[in-house]
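The opening position of the sequence shown corresponds to residue 12 in my numbering, with each subsequent residue numbered one higher. Data first, discussion second: the structure below is written as structure tokens.
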Amino acid sequence: MRLILIMFTLFITACDLSPQSRLDRVQDGAVLKVLTRNSATTYYEGPHGPAGLEYDLVAGFAEYLGVKLKLETPETLSQVLGKIQAGKADMAAAGLTVTDERKVRLNFGTSYQQITPQLVYRVGTRPPKNLDTLHGSLEVVAYSSHAERLRSLQEDHPELSFQKTNELDSEELLNLVWEQVIDYTVADSNEVAISRRFYPELRVAFNISSPEALAWAFPPGEDRSLIDKADEFLNTLKENGQLDRLLKRYYAYVSDFDYVGTRRYMKHIDQRLPRYQVWFEQAGKDTNVDWRLLAAIGYQESHWNPKAVSPTGVRGLMMLTQATMQQMGIDKDRHDAQASIEGGARYIASVKKRIPANIKEPDRTWMALAAYNIGYGHLEDARILAQNDGAAPDKWIDVKKYLPLLSQKKWYQQTRYGYARGREPVRYVENVRSYYDILIWITDKELAPERRSPALTVDSPAL
12 MRLILIMFTL FITACDLSPQ SRLDRVQDGA VLKVLTRNSA TTYYEGPHGP
62 AGLEYDLVAG FAEYLGVKLK LETPETLSQV LGKIQAGKAD MAAAGLTVTD
112 ERKVRLNFGT SYQQITPQLV YRVGTRPPKN LDTLHGSLEV VAYSSHAERL
162 RSLQEDHPEL SFQKTNELDS EELLNLVWEQ VIDYTVADSN EVAISRRFYP
212 ELRVAFNISS PEALAWAFPP GEDRSLIDKA DEFLNTLKEN GQLDRLLKRY
262 YAYVSDFDYV GTRRYMKHID QRLPRYQVWF EQAGKDTNVD WRLLAAIGYQ
312 ESHWNPKAVS PTGVRGLMML TQATMQQMGI DKDRHDAQAS IEGGARYIAS
362 VKKRIPANIK EPDRTWMALA AYNIGYGHLE DARILAQNDG AAPDKWIDVK
412 KYLPLLSQKK WYQQTRYGYA RGREPVRYVE NVRSYYDILI WITDKELAPE
462 RRSPALTVDS PAL
């Protein structure tokens with residue numbers, strides 16, 4: 012009888028055991044294992060720590076689940092796809108386009124971004140009008156959605172030929188086009204928008220398809236528990252506007268591409284910056300401010316011209332007033348480049364210290380730049396307007412919407428410091444950010460010429 016009771020208990024226990032869902036396994040293990048790519052549009056180490064749209068999203072999702080985030084960055088796209096298909100991670104957040112071929116092998120969640128694949132060439136190459144008028148080599152990433160799309164297009168364009176590489180990523184192929192090693196590549200529109208600031212001669216010939224969806228990929232199978240939870244998270248971000256704010260933070264400030272200005276800047280980096288770099292570096296050490304940020308400010312102010320003079324009375328490489336130089340403890344001619352750089356570094360450091368401690372990087376830096384340009388009082392006025400309007404006063408992406416209102420009587424009458432040309436600091440910050448990005452990219456390449464993604468200066472996560 013005792014034996015029968017034991018066997019019955021074991022039978023009931025076995026019946027109660029059911030396979031644990033993917034969501035339960037993640038939450039019980041307290042870790043979300045995510046595959047991603049090291050690139051400007053996904054994940055990278057920026058000046059202020061880990062960044063990238065995919066990083067911000069999956070970091071938010073891990074927090075949503077109450078677990079730790081564990082990232083893995085396989086070297087190639089094919090490895091990302093192979094590992095997630097084999098179930099060696101919980102999900103892949105790697106800027107993956109949802110395609111018919113991939114849906115056979117993987118599960119996908121809801122889309123969080125739309126991109127358009129574009130054929131890219133370099134100025135100097137005869138621009139093709141369509142796929143039938145290509146005049147050279149076309150290379151794309153193996154196992155990419157671009158390779159899939161080109162294969163399907165070969166049915167209507169039998170003369171179309173292209174090479175696939177499993178050794179290079181999309182950013183590296185864009186570099187090869189710029190260096191004229193290959194004639195064409197295909198890249199997503201978001202990648203092109205960012206890369207053209209580093210490779211200003213790149214051009215888009217045409218789109219090779221209509222807009223396509225990016226989504227997170229999950230291992231195959233019928234268990235959709237983790238996918239459903241991810242969809243719930245992303246849909247929440249869509250509904251409360253946080254997803255839109257994230258997309259704007261990463262892409263809005265790079266959309267206003269200025270070829271002539273960027274080309275001139277790259278030339279000045281080679282010809283002018285070397286004269287002043289050691290002073291920027293020393294000032295950066297003395298004030299604990301990235302010297303490249305100081306150099307970017309200097310370029311925005313004067314194009315690294317120590318003799319620059321403004322009608323408003325500011326002058327020198329960092330375009331400071333005499334009062335500001337004296338306030339910073341520097342009693343030298345403002346046209347003295349070293350003294351101007353030292354004064355500018357001390358001033359931006361002092362402004363940054365005034366920014367409330369609860370404002371985190373990189374928003375802290377962007378707001379300090381705005382205050383450097385327009386004055387701390389006007390920045391505070393804009394933050395108060397944002398707060399009163401229900402926006403986030405500690406986020407640059409929100410505050411920059413309210414700075415332009417300081418030129419409108421309806422709004423500046425509500426403020427302590429009154430009228431200000433509020434559009435100027437917004438443009439100022441966006442320009443400095445672009446110059447800063449390019450300097451980071453160039454100096455990082457010099458320090459580590461192996462594969463590296465541009466360390467873009469992004470706004471802090473909205474999550």
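Glycine included, C-beta positions come from ideal geometry on N, C-alpha and C. Quick caveat: nothing in here was measured; it's all calculated off a predicted structure.
{"Item": "Residue 102 (DSSP reduced to helix, strand or coil)", "Value": "strand"}
{"Item": "Beta strand (DSSP E) segments (min. 3 residues) lying fully within the segment 138-220", "Value": "150-152, 174-176, 196-199 and 213-218"}
{"Item": "Exposed unless 16 or more other CB atoms sit within 10 angstroms - verdict on residue 144", "Value": "exposed"}
{"Item": "Inter-residue CB distance, residue 51 and residue 205 (contact presumed, cutoff 8 Å)", "Value": "5 Å"}
{"Item": "From 142, 181, 379 and 423, residue whose alpha carbon lies closest to that of residue 165", "Value": "142"}
{"Item": "For residue 37, the nearest candidate out of 80, 368, 64 and 55 (CA to CA)", "Value": "80"}
{"Item": "Status (buried if at least 16 other CB within 10 Å, exposed otherwise) for residue 157", "Value": "buried"}
{"Item": "Assigned exposure category for residue 467 - 16 Cβ within 10 Å defines buried", "Value": "With a pLDDT of only 49 at residue 467, under 50, the local geometry of the prediction cannot be trusted, and the value read off the model is given with reservation. So residue 467 ends up on the buried side."}
{"Item": "N- and C-terminal bounds of the alpha helix (DSSP H) containing residue 69", "Value": "64-76"}
{"Item": "Spatially closest choice to residue 454 from 150, 31, 103 and 209, by CA coordinates", "Value": "209"}
{"Item": "Exposure of residue 247, with buried meaning 16 or more beta-carbon neighbours within 10 Å", "Value": "exposed"}
{"Item": "Short Cβ contact (9 Å threshold) for residue 385 with residue 439", "Value": "yes"}
{"Item": "As assigned by DSSP and simplified to three states, the class of residue 56", "Value": "strand"}
{"Item": "For residue 304, three-class secondary structure by DSSP", "Value": "helix"}
{"Item": "Span separating the alpha-carbon of residue 227 from that of residue 316", "Value": "48 Å"}
{"Item": "Exposed unless 16 or more other CB atoms sit within 10 angstroms - verdict on residue 420", "Value": "exposed"}
{"Item": "Cβ-Cβ separation, residue 123 to residue 254 (assumed contact under 8 Å), whole Å", "Value": "6 Å"}
{"Item": "Whole-number beta carbon distance between residue 213 and residue 188, since they are thought to touch under 8 Å", "Value": "6 Å"}
{"Item": "Buried or exposed by the 16-neighbour rule on C-beta atoms within 10 Å, applied to residue 71", "Value": "buried"}
{"Item": "For residue 126, the residue or residues it bridges with in DSSP", "Value": "223"}
{"Item": "Through-space distance from residue 437 to residue 382, alpha-carbon basis", "Value": "10 Å"}
{"Item": "Rounded straight-line distance, which links the Cα of residue 393 to that of residue 426", "Value": "8 Å"}
{"Item": "Rounded straight-line distance, which links the Cα of residue 329 to that of residue 415", "Value": "24 Å"}
{"Item": "heavy atom of the ligand MG below 8 Å from residue 261 C-beta", "Value": "You won't find the ligand MG in this model; it holds no ligand whatsoever."}
{"Item": "Run of the beta strand (DSSP E) containing residue 82, from where it starts to where it stops", "Value": "79-83"}
{"Item": "Closest by C-alpha distance to residue 504, when choosing among 87, 101, 241 and 301", "Value": "For residue 504 there is no data in the structure shown, the boundaries of the chain being 12 and 474."}
{"Item": "Continuous beta strand (DSSP E) stretch holding residue 44: start and end", "Value": "42-46"}
{"Item": "Buried or exposed by the 16-neighbour rule on C-beta atoms within 10 Å, applied to residue 146", "Value": "exposed"}
{"Item": "Spatial neighbours of residue 365 in its chain, beta-carbon cut-off 7 Å, leaving aside the 5 residues before and after", "Value": "387"}
{"Item": "Neighbour-count burial assignment, residue 461, 16 or more Cβ in a 10 Å radius", "Value": "Low confidence applies here, because residue 461 scores a pLDDT of 44, under 50, leaving its location unreliable and the question unanswered by this model."}
{"Item": "Simplified DSSP assignment, three categories, for residue 383", "Value": "helix"}
{"Item": "Simplified DSSP state of residue 131, which is helix, strand or coil", "Value": "strand"}
{"Item": "Those residues which DSSP pairs with residue 320 across a bridge", "Value": "326"}
{"Item": "Sequence-distant residues of the same chain with beta carbon closer than 6 Å to residue 107, five excluded per side", "Value": "228"}
{"Item": "Pairwise C-alpha distance: residue 261 and residue 251", "Value": "18 Å"}
{"Item": "According to DSSP, residues forming a beta bridge with residue 108", "Value": "225"}
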